[in-house]
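Residue numbers (my numbering): 18 to 250.
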Ligand SMILES: N[C@@H](CCC(=O)N[C@@H](CS)C(=O)NCC(=O)O)C(=O)O
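Structural data, given as structure tokens:
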């Protein structure tokens, strides 16, 4: 039975969604054969018909349709128990979930203010009006205004990354000696930022930069298999 993952696709085959990236890494970690279905923002009706909600990623495995990247990770762990574990056991589940939620709410929110004005160019031109209006409504201001004070947002972002910097100076991955879902989930935000803006938000020579490099190199350089920030749009 073919398993299909519907994920966001951007301008000229870019993969701009952090949530899709963490699911891609989880699938690759498990070594599962999956067909990827690139999906535009404008195809939300089709996603809703399949899954009852409008967000990607979704995973379709026969009659089972799973939405939300966290639920996809749990599903993969349950369906493929003989493949390498994504969590390292039941007791790590709550901690992993907490770190993923913390990363999305803290790092994810700050990253928006560092990349959104650039990020829109990574999306297909026909998806840009929806992205702009939905995000500007959520932010209560234009993408450009949200990103105006870059230095201040960078200071806040670097401060929020301090615990990660300390940890990654002590061990190679957040999960320990080898990467697990917690690494994929946090990395997906850094991947979103590196593909979504020409400006780097990670300090060179930092432990975070070294970890990000290790993550980019995983699975035969999975993170670099799609186009980077566009030089022309
Ligand atoms: N909690 C969800 C969030 C998924 C999410 O935000 N997906 C974005 C990816 S681009 C999306 O589909 N957005 C649709 C929209 O904004 O209308 C998950 O972890 O999968």
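Virtual Cβ for every residue (Gly too), placed ideally from N, Cα, C.
Residue 146 CB to nearest heavy atom of ligand 1 below 7 angstroms: no
As assigned by DSSP and simplified to three states, the class of residue 242: coil
Residue 41 burial status per 10 Å Cβ neighbour count (16 or more: buried): Burial call: buried.
Contacts around residue 149, its chain only, beta-carbon distance under 7 angstroms, and the 5 residues preceding and following it disregarded: 137 and 160
Any 3 or more C-beta pairs closer than 8 angstroms across the stretch 28–44 and the stretch 194–204: yes
Distance, residue 28 Cα to residue 93 Cα: Near 29 angstroms, if we compare the C-alpha coordinates of residue 28 and residue 93.
Residue 22 to residue 247 span [Cα, whole Å]: Answer to the nearest angstrom: the Cα atoms are 25 angstroms apart.
Residue 78, enclosing alpha helix (DSSP H) - first and last residue: Here residue 78 belongs to no alpha helix (DSSP H); instead the beta strand (DSSP E) covers 75–78.
Candidates 19, 46, 31 and 143: closest to residue 237 by CA position: 46
C-alpha gap between residue 146 and residue 107, whole angstroms: Distance between the alpha carbons of residue 146 and residue 107: 43 angstroms.
Straight-line gap, residue 64 to residue 233 (C-alpha atoms, nearest Å): 29 angstroms
Near ligand 1: residue 58 beta-carbon under 7 angstroms from a heavy atom: yes
Distance cut-off 7 angstroms: residue 74 Cβ against heavy atoms of ligand 1: yes
Burial state of residue 74, where buried means 16 or more other Cβ atoms lie within 10 Å: buried
Closer than 7 angstroms: residue 36 CB and nearest ligand 1 heavy atom: yes
Counterpart residues of residue 81 in DSSP-defined beta bridges: Its beta-bridge partners are 78.
Cβ-Cβ distance between residue 31 and residue 212 below 8 angstroms: yes
Proximity test, residue 85 beta-carbon vs ligand 1 heavy atom, cut-off 7 angstroms: Correct: residue 85 has its Cβ closer than 7 angstroms to ligand 1.
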